[in-house]
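Undergrad: Residue numbers (the numbering used here), protein chains in the order written: chain A, 226 to 347; chain B, 49 to 371.
Heads up, the beta-carbon is just placed ideally off N, CA and C, and yes, glycines get one too.
Note that the structure is a prediction, hence the values are computed from the model and not measured.
(1) At which residues does the alpha helix (DSSP H) containing residue 325 (chain A) begin and terminate?
(2) Name, in chain order, the residues that DSSP records as bridge partners for residue 91 (chain B).
(3) Just to check my reading of the structure: residue 222 (chain B) and residue 195 (chain B) have Cβ atoms closer than 8 Å, yes? What is that Cβ distance to the nearest angstrom?
(4) With a threshold of 16 other CB atoms inside 10 Å of the CB of residue 226 (chain A), please say whether the residue is buried or exposed.
(5) For the region 62-69 of chain B against the region 334-346 of chain A, do three or more pairs of beta-carbon atoms, one drawn from each stretch, fall closer than 8 Å, so that the two count as touching?
(6) Find out if the Cβ-Cβ distance for the pair residue 230 (chain B), residue 171 (chain B) is shorter than 8 Å.
(7) At 3 residues or longer, what runs of the beta strand (DSSP E) sit wholly inside the region 225-307 of chain B?
(8) For the alpha helix (DSSP H) that residue 258 (chain A) lies in, which residues bound it at each end?
(9) Please report the Cβ distance between residue 283 (chain B) and residue 273 (chain B), rounded to the nearest whole angstrom; I am assuming they are in contact, meaning their Cβ atoms lie under 8 Å.
(10) Can you find the residues in the same chain that come closer than 6 Å, C-beta to C-beta, to residue 112 (chain B), ignoring five residues on each side of it along the sequence?
(11) For the region 245-268 of chain A, enumerate the residues whose C-beta is nearer than 9 Å to any C-beta of chain B, in chain order.
(12) For chain E, is any of its Cβ atoms less than 8 Å away from the one on residue 87 (chain B)?
(13) Identify whether residue 303 (chain A) lies in helix, strand or coil by the three-state DSSP scheme.
(14) Just the C-alpha distance for residue 300 (chain B) and residue 151 (chain B), rounded to the nearest angstrom, thanks.
(15) What did DSSP end up calling residue 64 (chain B) once you bin it into helix, strand or coil?
(16) Given residue 343 (chain B), which residues of its chain have a CB within under 6 Å of its CB, disregarding the five upstream and five downstream residues?
(17) Per the contact definition of three or more C-beta pairs closer than 8 Å, is the region 311-325 of chain B in contact with the region 211-228 of chain B?
(18) Counting only beta-carbon separations shorter than 8 Å, does residue 358 (chain B) have a partner in chain A?
(19) Would you tell me roughly how many angstroms separate the C-alpha atoms of residue 316 (chain A) and residue 268 (chain B), rounded to the nearest one?
(20) Would you check if there are 3 or more beta carbon pairs closer than 8 Å linking the region 352-366 of chain B to the region 257-271 of chain A?
(21) Report the residue from A:242, A:291, A:347 whose alpha carbon sits nearest the alpha carbon of residue 281 (chain A).
(22) Does the CB of residue 343 (chain A) have a neighbour CB from chain B at under 8 Å?
(23) Give the interface partners of residue 217 (chain B) over in chain A, defined as CB-CB distance under 7 Å, in chain order.
(24) State yes or no: is the beta carbon of residue 319 (chain A) nearer than 8 Å to at least one beta carbon in chain B?
(25) In the DSSP assignment, what residue or residues form a beta bridge with residue 59 (chain B)?
(26) In this structure, what does DSSP give as the bridge partners for residue 174 (chain B)?
(27) Compare the C-alpha of residue 251 (chain B) against each of B:285, B:236, B:239 and name the closest.
(28) Determine the closest residue to residue 224 (chain B) out of B:197, B:202, B:207, B:189, with distance taken between C-alpha atoms.
(29) Determine the direct distance from the alpha carbon of residue 260 (chain A) to that of residue 314 (chain A), and round the result to whole angstroms.
(30) Taking only the alpha-carbon atoms, compute the straight-line gap between residue 94 (chain B) and residue 294 (chain B) and give it to the nearest angstrom.
(31) Against residue 147 (chain B), what residues of chain A qualify as contacts under a CB-to-CB distance less than 9 Å, listed in chain order?
(32) Starting from residue 200 (chain B), follow its DSSP beta bridges and name the residues at the other end.
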């Protein structure tokens, strides 16, 4: 069995290292932070961790339908491609900060990209 | 086959079936999302049985200490009983021991501690007035050293419970309380970690419990307590806190007043702002935020952006009653 992306990135320890950095970037990003106003930060951090686990190619059972349901209320508030791009950008800069190679960052971005249409409800 | 007892019903789990899958198979309505032990949507409290390490992975220490676990990551090997987190349990009666004025509008209420009443200092209970209206109050007492339950009750204009406490309640009366709940309390295990405690008004009640609990358990790291009020009269337990500050080299008490010019020794400004300014980077700190909801929310975000890990931020926001 060839080593999975998740293992090459460092598995759960890598997700743990990334989640606070990523969430801080998202909260500080004026293009998207309005979508996080008033949310419970603990619950949100757990969701960020689930998202990163999925984007890292780790264990998850998310379906396209879950993605649609989970983001429908945000789409109703105007979530669009520019916001999705901003999240992917923050994800990339988080990984860069952690010293992950461009090649692996590309693989992560491709997984995130594969959820775009479901997240945006298309 | 092990039995899962949930809300009065029994469900039989199949071999290697997670608790979550078992409840879903039986059409029980429960929250879940990732089913991979990450999103924490399916968290429950185990009342009988022992959660596995895997089923508590990623949970805050305070949640582990209360036997919270993730249903998607637990296969029962024996019969267990579980309940939804934060659910109300059977209420009970107890006696009022004493009422003492702490400040112009804050009363210290001491209740007899019912037998087997367990709690962590900083958790809260619901106190019921004679009309059955309930309000939450945090516990400032220490279960191991004190045989009473101590609450700090501020008189809210028009308050259905605080008004009753301030005008009608007296020593010797019987009152109805709930068991203690909440995850804002001290957990041992990292005695060298620095602690930042920020409270406004009667947000001091949980912090007074947490602070004394940490000291009693021999906490070694620095403990900074910022207690804020808009006016001088709102600061209370000042002498007791100064005494603790003098007795413990690692404990530092910072009273703050946000309006007017306070006397020497009192910081001028809002407690959360002054604390975050003074300490700066909060990497590896543990933070407790108690009091007005808007203060708690904004201080939590600022503390996180200043480097604190969310797992190390504990909050007790006082949400105004609506009924």
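TA: Taking the definition as stated:
(1) Looking at the DSSP string, residue 325 (chain A) is not in any alpha helix (DSSP H), and its letter there is neither H nor E.
(2) B:118
(3) Not confirmed; about 18 Å, so no contact.
(4) Confidence is the limiting factor: at residue 226 (chain A) the pLDDT is only 45, short of 50, which leaves the residue's position unreliable, though a coordinate-based value still follows. With fewer than 16 Cβ atoms within 10 Å of its Cβ, residue 226 (chain A) is classed as exposed.
(5) no
(6) yes
(7) 243-248, 271-277, 299-305
(8) Per DSSP, residue 258 (chain A) belongs to no alpha helix (DSSP H) and is neither H nor E.
(9) 12 Å between Cβ atoms; not a contact.
(10) 104
(11) 245, 248, 249, 252, 253, 263, 266, 267, 268
(12) Judged by its chain identifiers, the structure shown contains no chain E, and its protein chains are A and B.
(13) coil
(14) 22 Å
(15) coil
(16) 248, 320
(17) no
(18) yes
(19) 37 Å
(20) yes
(21) A:242
(22) no
(23) Those within 7 Å of residue 217 (chain B) in chain A number zero; the least Cβ separation is about 34 Å.
(24) no
(25) B:52
(26) B:184
(27) B:285
(28) B:197
(29) 16 Å
(30) 42 Å
(31) Correct list: empty, because the minimum Cβ distance to chain A is about 35 Å.
(32) B:156
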